[in-house]
Amino acid sequence: MEKYKIKKEKKALRDGFGDAISELTDDPNVVVLTADLGDSVKASEFGDNSRYIECGISEQNMISVASGIALTGKKVFATSFACFIPYRVLDQVRMSVCSQNANVKLIGSHSGLSYSDDGVGIQALEDIAIMRSLPNMKVYVPSSATEAYIMTMKAANEYGPIYIRTGREKEVDFEIDFKNYEINKAKVIREGNDVVIYTCGAMLSECIEAAEILSVENSIECSILNVSSIKPIDTETIIEYANKCKKGIVVEEHQKFGGLFGAISEVLIVNEPIKLDVIAIQDKFGQSGRSVLELRKYYGLSKENIIEKVINICK
Amino acid sequence: MNHSLEELKTISNNIRKNILTMTTNAKSGHVAGAMGIADIMTYLYFEEMQIEKVSEYFDNDIQRKSVFNTNRDRFVLSAAHMVPALYSVLIEKGFIDKTEIDNLRKFGSKLQGHTAIDLTIGVETTGGSLGQGVGIASGFAISSKIFKSESRIYCILGDGESNEGSVWEASMFGNKYRLDNLVFILDKNNIQLSNFTENIMPMDSICDKWKSFGWNVIEIDGNNFDDISKAFYLARETKGKPSIIIANTIPGKGVSFLENNYIWHGKVLNEDELKEALIELDK
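Now the structure itself:
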């Protein structure tokens, strides 16, 4: 049973963020910071120059500045590529932002393999693990441009440090009902009784394609959960579907250590241990490729890989 | 000035006694740097900064409690290991109860080993990792500019701390945004944890460095109230650029056996040494 509706046009997650930050211009307490990447991450869609601060290629200072502004009672968006937030600025994120529980939203764009052609230096495959380990930090991984838009809008009115992972590549976009969207809930995208697929980010569309093929060709019915809030994590729904399907696959564009697979494993091992496998980056760095699909295929993140894993776990 | 020179000297002497007493009680802490900045801290809190207690309120939607006016001047101790100096001045100011002097670094105490944000006692930021307070102070300052507050921002950083690249990022930022409501005070005491600064990482021509980054640079004797007073006046009068006061201070100032010796950077006095030091400070 499908619960998703695909939009006609593909759209990049960063554009969803851009739509939101443009709208947030109307909130007089929002301040946006960037480190010479405003156009790339779409922060420059923000419409008030007096509250848009170009920090130069000084990400460490940008994060500390962000926390200072936030501590004067403002809502601050600090934006860059995910390969700089959190890596370059982890100390600042931990101390200036998290330890002071400052109201700073950190936007990491071009995450995963989504800046395919730029290669290892500009790809980010460990950010979820890093951010998830920090006290006070929430971690949101939208699956589509529309979800990135909604998560940004909701995050603006949620106090405290939040990391939102966006991307560069145009991806499948989904219709989402803003009104009934609960940010901290796992979203049930598809119902099936045989295997539950836990996923986050742009891998959602690969999972959907795989599930449809499995249904038609192998008579295997998958449930799909879009776990876009990795922290806090929706323990209840994750357990419910583990209980229902008894077998699960985690699919993510991230190292297999500490990301969504880590988060799901932590929930299930103390509540509802099931047979669980993972599709993720196998402890490897990225590299250049002409398209993200080419790279996903090389690193074993394609729908064919998902299909194979699901069939295997059902054996 | 609101206080006479003698009054200021008495206050800074009390601060020095507080610093030594609380660190010996705690059996750990950073003594020398804290002693060196006692005069600057005295001047900041008793002459320069506008900060007053108001009725208790919640700072924002996380319900962070504050007892200070929202448009106050803000102080950031970027070299957060010198926090005994901050607690000591806040005690003299009456923002921290005198009895807390026994509780430095104790479990559950407000007097954490490094600064920890607590607006019920006047600690504005959390610190411990060097090179971040300067950025937070810059954030306070630009927010004050954007949202048209009168609030001025003061931040003490160390000369050892100036090894951190992020200090120079903040320096570029302050210059770019012409943060004339921001005053850095560089505590130049020539020591850092394991040796003299010149042996760890030379910071030659520190005034020229800051000048070339576009800052208004004022070099003073950081243990002389006339110098300190003039410097803060000049900083306030300087428009269109941020100011940095290069304060040459004597680490361990006030107690002869502590002065100018890096071994006291991160070491505290034992009971006998404390007695001896307090006698010297009472002279």
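Chains as they are written, first to last, in my numbering: chain A, 88 to 402; chain B, 10 to 292. Note that the Cβ used here is the ideal one computed from N, Cα and C, for glycine as well.
At 7 Å on the CB atoms, spell out the chain A contacts of GLU178 of chain B, in chain order.
Working through the second sequence from its first residue, we reach residue 178 of chain B at position 169. Within chain A, the residues near GLU178 of chain B are SER145, GLN147 and ASN148.
Are there 16 or more other CB atoms within 10 angstroms of the CB of GLU132 of chain A, so buried, or fewer, so exposed?
Within the first sequence, numbered from 1, the residue matching residue 132 of chain A stands at position 45. Classification of GLU132 of chain A: buried, given that the 10 Å Cβ count is 16 or more.
According to DSSP, simplified to helix, strand and coil, what is ILE394 of chain A?
Taking the first residue of the first sequence as 1, we reach residue 394 of chain A at position 307. Helix, per DSSP.
Nearest to ARG181 of chain A (by Cα), restricted to the options B:THR30, B:TYR52 and B:LEU139
By 1-based counting over the first sequence, the position of residue 181 of chain A is 94. Checked all of B:THR30, B:TYR52 and B:LEU139; the closest Cα to ARG181 of chain A is B:LEU139.
Kindly indicate if chain A contains any beta-carbon less than 8 Å away from that of GLY144 of chain B.
Residue 144 of chain B sits at position 135 when you count from the first residue of the second sequence. Closer than 8 Å: yes.
DSSP state of ASN225 of chain B, grouped into three classes?
Here residue 225 of chain B is taken as the residue at index 216 of the second sequence, counted from 1. Strand.
Could you tell me whether any Cβ in chain B is nearer than 8 Å to the Cβ of GLY134 of chain A?
What you label residue 134 of chain A is simply residue 47 of the first sequence in a count that begins at 1. For GLY134 of chain A, the answer is no, since every Cβ of chain B falls outside 8 Å of its Cβ.
Short of 6 Å in beta carbon distance, which residues of its chain neighbour PHE241 of chain B, apart from the five on each side in sequence? Order them along the chain.
Position 232 of the second sequence, counting from 1, holds the residue named residue 241 of chain B. Once the five neighbours on either side are set aside, the close Cβ partners of PHE241 of chain B are GLU57.
Reference SER49 of chain A; option with closest CA among A:THR159, A:PHE104, A:GLU278 and A:THR322
With chain A covering 88 to 402 only, the question about residue 49 of chain A has no answer from this structure.
Could you name the residues that DSSP lists as bridge partners for ALA211 of chain A?
Along the first sequence, read from residue 1 onward, the residue named residue 211 of chain A stands at position 124. DSSP, once it has assigned bridges, lists A:GLY199 as partnering ALA211 of chain A.
Per DSSP, LYS197 of chain B is paired with what?
The residue labelled residue 197 of chain B in the question sits at position 188 within the second sequence. The partner list for LYS197 of chain B (beta bridge, DSSP) reads B:ASN257.
Would you please verify whether the beta carbon of GLN59 of chain B is less than 8 Å from any beta carbon of chain A?
The sequence position of residue 59 of chain B within the second sequence is 50, counting from 1. Chain A, which has no Cβ nearer than 8 Å to the Cβ of GLN59 of chain B, makes this no.
From ILE20 of chain B to GLU101 of chain B, what does the alpha carbon distance come to, in whole angstroms?
For the purposes of this step, residue 20 of chain B is identified with residue 11 of the second sequence, where counting begins at 1. For the purposes of this step, residue 101 of chain B is identified with residue 92 of the second sequence, where counting begins at 1. Each residue's Cα considered, the two are about 7 Å apart.
With three or more C-beta pairs closer than 8 Å as the rule, is the segment 267-280 of chain B touching the segment 24-39 of chain B?
yes
Taking all protein chains shown into account, decide if GLY208 of chain A is buried (16 or more other Cβ within 10 angstroms of its Cβ) or exposed.
As a first step, residue 208 of chain A is located in the first sequence; it is residue number 121 there, counting from the start. Classification of GLY208 of chain A: exposed, given that the 10 Å Cβ count is below 16.
At a cut-off of 7 Å, is TYR246 of chain A close to the ligand NAP when judged by its beta-carbon and the heavy atoms of the ligand?
In the structure on display, the ligand NAP does not appear, and there are no ligands present to speak of.
Using a Cβ-Cβ cut-off of 8 Å (strictly less than) and excluding sequence neighbours within five positions of ASP114 of chain A, which residues of its own chain qualify?
Within the first sequence, the letter at position 27 stands for residue 114 of chain A. Excluding residues within five positions, the ones whose Cβ falls inside 8 Å are LYS162 and ALA243.
Can you tell me which of B:ILE272, B:PHE205 and B:ILE194 puts its alpha carbon nearest to the alpha carbon of TRP224 of chain B?
Taking the first residue of the second sequence as position 1, residue 224 of chain B is located at position 215. Among B:ILE272, B:PHE205 and B:ILE194, the Cα nearest to that of TRP224 of chain B is on B:ILE194.
Helix, strand or coil at GLN72 of chain B [DSSP, three-state]:
Locating residue 72 of chain B in the second sequence gives position 63, counting from the first residue. If DSSP states are grouped into helix, strand and coil, GLN72 of chain B belongs with coil.
Rounded to whole angstroms, what's the CA-CA distance from ASP260 of chain A to ALA235 of chain A? Just pull it up for me.
Here residue 260 of chain A corresponds to residue number 173 of the first sequence, with the count starting at 1. Here residue 235 of chain A corresponds to residue number 148 of the first sequence, with the count starting at 1. Near 10 Å, if we compare the C-alpha coordinates of ALA235 of chain A and ASP260 of chain A.
Cutoff 8 Å: MET182 of chain A Cβ touching any chain B Cβ:
If you number the first sequence from 1, residue 182 of chain A lands on position 95. True, the Cβ-Cβ gap to chain B drops below 8 Å.
According to DSSP, what are the bridge partners of GLN342 of chain A?
Taking the first residue of the first sequence as position 1, residue 342 of chain A is located at position 255. According to DSSP, which records beta bridges pairwise, GLN342 of chain A is partnered with A:ILE368.
Which residues in the same chain as ASP48 of chain B place their Cβ atom closer than 6 Å to its Cβ, once the five residues preceding and following it in sequence are excluded?
As a working mapping, residue 48 of chain B is identified with position 39 in the second sequence. Answer for ASP48 of chain B: SER21 and ASN232, listed in chain order.
Taking C-beta pairs closer than 8 Å, name the residues in chain B that VAL118 of chain A reaches, listed in chain order.
Locating residue 118 of chain A in the first sequence gives position 31, where the first residue counts as 1. By Cβ distance, chain B contributes SER152 and ILE155.
At what residues does the alpha helix (DSSP H) containing GLY155 of chain A begin and finish?
Here the question's residue 155 of chain A lines up with position 68 in the first sequence. Element bounds for GLY155 of chain A: 146-157.
Output yes if chain A places a C-beta closer than 8 Å to the C-beta of MET181 of chain B; else output no.
Here residue 181 of chain B refers to the residue found at position 172 of the second sequence. With 8 Å as the cut-off, MET181 of chain B counts as an interface residue toward chain A.
Using CA atoms only, rank isn't needed, just tell me which of A:VAL119, A:PHE104, A:CYS294 and A:ILE307 is closest to THR239 of chain A.
The sequence position of residue 239 of chain A within the first sequence is 152, counting from 1. Ranking A:VAL119, A:PHE104, A:CYS294 and A:ILE307 by Cα distance to THR239 of chain A puts A:PHE104 first.
Taking buried to mean at least 16 other C-beta atoms within 10 Å of its own C-beta, is GLN72 of chain B buried or exposed?
The count along the second sequence starts at 1 and reaches residue 72 of chain B at position 63. Exposed, because fewer than 16 other Cβ atoms sit within 10 Å of the Cβ of GLN72 of chain B.
First and last residue of the alpha helix (DSSP H) that includes ARG335 of chain B?
The displayed coordinates of chain B run from 10 to 292. Any statement about residue 335 of chain B would go beyond what the structure contains.
Measure the beta-carbon distance from SER183 of chain A to SER154 of chain A and round it to whole angstroms, keeping in mind my assumption that it falls under 8 Å.
By 1-based counting over the first sequence, the position of residue 183 of chain A is 96. By 1-based counting over the first sequence, the position of residue 154 of chain A is 67. The pair is a contact, with the Cβ atoms about 4 Å apart (cut-off 8 Å).
Comparing C-alpha positions only, which one of B:LYS218, B:ALA41 and B:ASP168 sits nearest to GLY261 of chain B?
By one-based count along the second sequence, residue 261 of chain B stands at place 252. Answer by Cα proximity: B:ALA41.
Determine whether the Cβ of ARG138 of chain A lies closer than 8 Å to any Cβ atom of chain B.
The sequence position of residue 138 of chain A within the first sequence is 51, counting from 1. Yes, because at least one Cβ of chain B sits closer than 8 Å to the Cβ of ARG138 of chain A.
Is it true that the CB of GLU339 of chain A sits closer than 8 Å to the CB of THR286 of chain A?
Taking the first sequence and counting its residues from 1, one reaches residue 286 of chain A at position 199. Taking the first sequence and counting its residues from 1, one reaches residue 339 of chain A at position 252. In this structure, GLU339 of chain A lies closer than 8 Å to THR286 of chain A by Cβ.
To the nearest angstrom, how far is the alpha carbon of PRO173 of chain A from that of PHE104 of chain B?
Translated into positions along the first sequence, residue 173 of chain A becomes position 86. Translated into positions along the second sequence, residue 104 of chain B becomes position 95. C-alpha separation (whole angstroms): 36 Å.
Given that ASN188 of chain A touches chain B, what residues does it touch there, using C-beta distances under 9 Å?
Numbered from its first residue, the first sequence carries residue 188 of chain A at position 101. Per Cβ cutoff of 9 Å: ILE71, ARG73 and ILE126.
Go ahead and label LEU14 of chain B buried or exposed: buried means 16 or more other beta carbons lie within 10 angstroms of its beta carbon, across all protein chains shown.
Position 5 of the second sequence, counted from the start, is the residue given in the question as residue 14 of chain B. So LEU14 of chain B counts as exposed.
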